[in-house]
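In my numbering, the protein residues as written are 84 to 769.
For reference, the structure is listed below as structure tokens.
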């Protein structure tokens with residue numbers, strides 16, 4: 084025992100810690116005059132739905148409420164290069180964004196919004212050259228000086244192969260198109276960010292912080308290597324400065340804040356050491372952010388408000404690594420499309436932090452913090468090791484299959500931790516009892532797109548085609564195709580085609596004709612992984628049912644429609660394989676006809692459909708009808724997606740055996756259900 088007046092070990096440690104804090108340099112407080120405060124980040128909401136006219140009204144309303152930049156969400160047909168009347172577009176028109184088929188749609192989208200004064204972010208990748216061409220054409224119609232346009236096209240195809248799935252052409256020609264946009268913007272629209280390296284979906288696909296850093300930076304390196312020969316050496320640093328990033332901020336906000344500081348340091352290092360950029364202002368890491376939608380829960384959805392706020396702090400608290408633009412999801416995005424009020428609530432969260440608090444009056448709050456410095460160095464070390472690994476493979480383009488497999492494995496680890504309660508998700512695997520949410524009103528707490536929107540959009544598209552100068556369109560498309568074949572920059576020909584009246588599907592068809600199409604890796608091999616711990620009972624059940632069936636139980640997983648969010652399908656296939664089932668999973672964007680053809684060829688015992696775009700009703704209806712016509716309706720069908728209860732009842736009426744939504748996170752329960760569905764002994768008992 085210590086003598087009277089003597090400090091204990093804990094007290095002595097506490098005293099030393101207080102001395103250290105007192106001796107540290109004080110944080111410098113900036114003068115509190117408004118002119119000397121830091122400027123707030125751009126405040127955005129990611130928005131677009133139904134039609135260009137409805138989205139325009141939403142944008143103008145949000146701008147009136149204090150939004151300072153636009154962030155455009157396009158529907159899946161627009162993202163994947165199809166017009167609204169294409170068979171693959173059926174059920175997808177206007178669901179997850181706004182349909183833009185031609186110059187008339189883009190004109191309506193920005194009606195009464197002066198583009199020369201606006202900062203517009205467009206989340207578009209495969210068709211980025213085309214949507215930017217339409218945007219420039221509308222700006223010129225408004226009388227804008229296009230050299231003054233400010234904004235961003237995402238234009239990151241590499242992450243599409245890894246996580247989001249809205250690619251069109253193979254990797255190498257896609258990389259060339261990214262560079263075409265960057266070169267054109269550098270020469271003609273110098274304030275525009277021509278490429279937004281997007282690590283957002285990498286995290287949603289399961290990336291660890293080190294993988295997110297390395298895979299995104301490797302993508303940026305691939306783009307800069309492609310761009311380097313296109314401009315004079317003296318001009319290259321300025322082109323480097325136009326490459327921006329779009330990141331994700333998850334719930335582990337200390338790690339996420341340190342990740343952003345690591346991004347700043349690593350990008351500075353790459354620009355300086357690899358590309359010889361001497362001016363520090365050209366090496367700045369400029370990024371926008373949306374916080375993590377994957378972590379939003381269907382259970383107790385009101386809890387998502389706190390998650391969104393905490394995640395926003397990760398990208399705003401540190402001045403050294405503060406986002407240039409922030410867009411926040413709404414509390415109800417795990418349920419469906421947010422309503423205007425829900426988006427307003429998320430916008431108010433940003434405004435309160437930016438304008439009511441004193442955050443912007445201080446220098447960086449974390450400089451000199453030993454805990455933060457240590458974590459940043461740890462992340463940088465891990466990212467450098469992964470970057471060296473990717474470089475040894477020939478860079479991002481050559482390493483797509485490897486990166487995809489790593490993401491699927493990491494996501495499996497993440498889900499395993501949630502299932503084992505090693506990662507706590509409040510309201511999901513702990514403290515699941517709660518009161519009903521009063522925010523979920525009679526409309527279910529979400530906005531539902533009217534199915535009539537698709538027919539109305541197709542009618543407008545037909546009117547556009549009928550009114551245009553067809554000869555001028557065909558001439559412009561021929562010029563576009565020739566530019567793609569010859570390897571010249573496609574942007575001038577794309578702008579000419581936009582002005583002539585060509586459509587999104589026609590532009591993309593020229594690219595497909597010249598470069599071909601592509602099916603990305605699934606990341607799911609047929610070989611059992613080393614993640615079978617705790618699956619003994621399920622593996623035994625699969626073996627027993629397989630014996631009764633007379634062959635190995637087979638599970639066909641299909642993703643009909645244009646939805647490229649494949650995480651759920653991948654993890655279901657991954658777990659089914661590890662449980663001993665024979666799996667058939669060919670990836671995203673299958674037509675109902677292709678799924679039926681696969682069922683005829685593979686003779687599965689159960690079919691699983693994954694649809695997260697909200698198009699489950701028309702797509703499942705078509706699959707069920709085709710199964711019946713092919714005399715395969717004895718095969719049980721299960722469906723997963725963001726499915727409201729009213730839609731679930733409709734699907735059951737169609738004959739769907741089981742329905743799973745994001746709240747059904749326990750994959751082993753789903754596996755047990757599948758085994759029970761096809762067990763001959765159980766079926767006979769019923």
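Glycine included, each C-beta is placed from N, C-alpha and C at the ideal position.
Does DSSP put residue i in a helix, in a strand, or in coil?
i: residue 244; result: helix
i: residue 133; result: coil
i: residue 267; result: helix
i: residue 758; result: helix
i: residue 127; result: strand
i: residue 333; result: coil
i: residue 514; result: coil
i: residue 605; result: coil
i: residue 558; result: helix
i: residue 328; result: strand
i: residue 408; result: strand
i: residue 98; result: Because the pLDDT at residue 98 is just 48, under 50, the model does not fix this residue reliably, and the point stays unresolved.
i: residue 736; result: helix
i: residue 683; result: helix
i: residue 691; result: strand
i: residue 476; result: coil
Less than 6 Å between C-beta atoms, sequence neighbours within five positions excluded: which residues of the same chain meet that for residue i?
i: residue 254; result: 480
i: residue 90; result: Its pLDDT being 44, under 50, residue 90 is placed unreliably by the model, and nothing is read from it.
i: residue 243; result: 208, 249, 250
i: residue 724; result: 694, 695, 699
i: residue 297; result: 466, 469, 470
What are the start and end residues of the beta strand (DSSP E) that includes residue i?
i: residue 666; result: 665-668
i: residue 281; result: 278-281
i: residue 639; result: 637-641
i: residue 154; result: 153-156
i: residue 393; result: No beta strand (DSSP E) contains residue 393, which is instead part of the alpha helix (DSSP H) from 387-397.
i: residue 722; result: 720-723
Tell me which residue opens and which closes the alpha helix (DSSP H) that residue i is part of.
i: residue 346; result: 336-356
i: residue 430; result: 423-434
i: residue 162; result: 159-163
i: residue 305; result: 292-310
i: residue 587; result: 587-598
i: residue 196; result: Element bounds for residue 196: n/a, residue is neither H nor E.
i: residue 493; result: 483-502
i: residue 189; result: 186-192
i: residue 208; result: Segment: none, residue 208 is in no alpha helix (DSSP H) and carries neither H nor E.
i: residue 373; result: Residue 373 -> not in any alpha helix (DSSP H); beta strand (DSSP E) instead, spanning 370-374.
i: residue 233; result: Careful: residue 233 lies outside any alpha helix (DSSP H), inside the beta strand (DSSP E) at 233-236.
By Cβ distance below 8 Å, which residues in the same chain neighbour residue i in space, the five residues on each side in sequence not counted?
i: residue 761; result: 628, 632, 636, 688, 689, 719
i: residue 597; result: 256, 564, 567, 568
i: residue 272; result: 219, 229, 230, 232
i: residue 544; result: 166, 167, 168, 184, 185, 586
Using a Cβ-Cβ cut-off of 7 Å (strictly less than) and excluding sequence neighbours within five positions of residue i, which residues of its own chain qualify?
i: residue 333; result: 286, 339, 375, 378, 394
i: residue 663; result: 622, 625, 626
Report buried or exposed for residue i, applying the criterion of at least 16 other Cβ atoms within 10 angstroms of its Cβ.
i: residue 119; result: exposed
i: residue 766; result: exposed
i: residue 454; result: exposed
i: residue 350; result: buried
i: residue 386; result: buried
i: residue 202; result: buried
i: residue 279; result: buried
i: residue 331; result: buried
i: residue 717; result: exposed
i: residue 591; result: buried
i: residue 451; result: exposed
i: residue 124; result: buried
i: residue 174; result: buried
i: residue 726; result: buried
i: residue 675; result: buried
i: residue 526; result: exposed
i: residue 213; result: buried
i: residue 152; result: buried
Am I right that residue i and residue j are in contact with their C-beta atoms under 8 Å? What's the rounded C-beta distance?
i: residue 695; j: residue 646; result: 5 Å
i: residue 209; j: residue 249; result: 6 Å
i: residue 405; j: residue 398; result: 7 Å
i: residue 706; j: residue 721; result: With 8 Å as the limit, residue 706 and residue 721 do not qualify as a contact, their Cβ atoms being about 12 Å apart.
i: residue 177; j: residue 540; result: 7 Å
i: residue 216; j: residue 495; result: Actually they are not in contact, since the Cβ atoms of residue 216 and residue 495 sit about 40 Å apart, beyond 8 Å.
With a threshold of 8 Å between beta-carbons, can residue i be considered close to chain D, or not?
i: residue 322; result: Here chain D cannot be found, since the structure has a single protein chain.
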